[in-house]
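So the sequence shown is numbered by the numbering used here: it starts at 16 and just counts up by one.
The block underneath contains the structure these notes are about, expressed in structure tokens.
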Amino acid sequence: SSGYTAIDAPASAGSNTLVLPTTNGSAGQVLQTDGNGNLSWASPSKILQIQSTIKKDTQSQSVGSTHFWETDLKVSITPSSSSSKLFLLGQITAATDDDQALDLQLMRKIGSAAVATLDGANADAAGNRALCHTQGIHQKTTWCGNIAINYLDSPSTTDAVQYSFRLHHGSGSARTMYLNRTHTDSDSNERARFTSVLTVMEVAA
16 SSGYTAIDAP ASAGSNTLVL PTTNGSAGQV LQTDGNGNLS WASPSKILQI
66 QSTIKKDTQS QSVGSTHFWE TDLKVSITPS SSSSKLFLLG QITAATDDDQ
116 ALDLQLMRKI GSAAVATLDG ANADAAGNRA LCHTQGIHQK TTWCGNIAIN
166 YLDSPSTTDA VQYSFRLHHG SGSARTMYLN RTHTDSDSNE RARFTSVLTV
216 MEVAA
């Protein structure tokens, strides 16, 4: 027709070269640069799938010198591509039978492998200290601590990936830890019970 398409150079001195890709790309793709003027087609990041598990009942465990307790709250996802990233979110409601801080250590299982600590999400080694992801404070026997989880994982697999966590208490003696309830848990409308949630999203790289 009578129209035209123009690409203008910036109104500044000097020259710059952008090398276009050799094809037209696919529908929905965008141009990206490598920072050196070489352009290529790429699919923008997007959420491919979401898996979520909510635990509405309670759970408890007496834990001694091991200090760690792995609850039965888990979430699993099977990535559609080995280049995908997995974004893990969680909200854990927990308590102990004493005024103790509660720590949370993230765990991961890939395929048929054993469950192991998710090292990238937990603290670096520091002597004899427990290596955890985060901490929630529990100060009274009628209170729970709320512990948030936020981690972007790159497992590089298309096998099923299962995420879980272990709670850790800092007492020198045995303690009972509780999920979704307080220590006293009185049967009264002055008290409450709670939920805990794990959610994982597959993000296209």
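In this text, a Cβ means the ideal position worked out from N, Cα and C, and glycines have one as well.
For clarity, every value in this text was computed on a predicted model and none was experimentally measured.
Span of the beta strand (DSSP E), counted from its first residue to its last, around residue i
{"i": "H183", "result": "176-184"}
{"i": "G105", "result": "100-111"}
{"i": "F209", "result": "Element bounds for F209: n/a, residue is neither H nor E."}
{"i": "I162", "result": "160-168"}
{"i": "G151", "result": "149-152"}
{"i": "L269", "result": "Here the chain comprises residues numbered 16 to 220, so residue 269 is not present and cannot be evaluated."}
Test item: CB-CB of residue i and residue j under 7 Å
{"i": "A110", "j": "I152", "result": "no"}
{"i": "I69", "j": "T210", "result": "yes"}
{"i": "L182", "j": "H148", "result": "no"}
{"i": "V45", "j": "P59", "result": "yes"}
{"i": "M216", "j": "F102", "result": "yes"}
{"i": "L194", "j": "Q106", "result": "no"}
{"i": "T156", "j": "S77", "result": "no"}
{"i": "G50", "j": "L33", "result": "no"}
{"i": "T93", "j": "A175", "result": "yes"}
{"i": "S179", "j": "K100", "result": "no"}
Residue i versus residue j - alpha carbon distance
{"i": "Y166", "j": "A136", "result": "7 Å"}
{"i": "I162", "j": "L104", "result": "11 Å"}
{"i": "E85", "j": "W56", "result": "44 Å"}
{"i": "T172", "j": "A220", "result": "13 Å"}
{"i": "S97", "j": "Y19", "result": "43 Å"}
Nearest-angstrom beta carbon gap, residue j and residue i [assumed within contact, 8 Å]
{"i": "S67", "j": "T214", "result": "4 Å"}
Beta carbon proximity, residue i to chain B, threshold 7 Å
{"i": "I69", "result": "In the structure shown, chain B does not exist; there is a single protein chain."}
Proximity test, residue i beta-carbon vs the ligand ZN heavy atom, cut-off 6 Å
{"i": "A207", "result": "The ligand ZN is absent from the structure shown, which contains no ligands of any kind."}
Can you check the segment 50-80 for any alpha helix (DSSP H) of at least 4 residues that lies completely inside it and give the ranges in chain order?
Correct list: empty.
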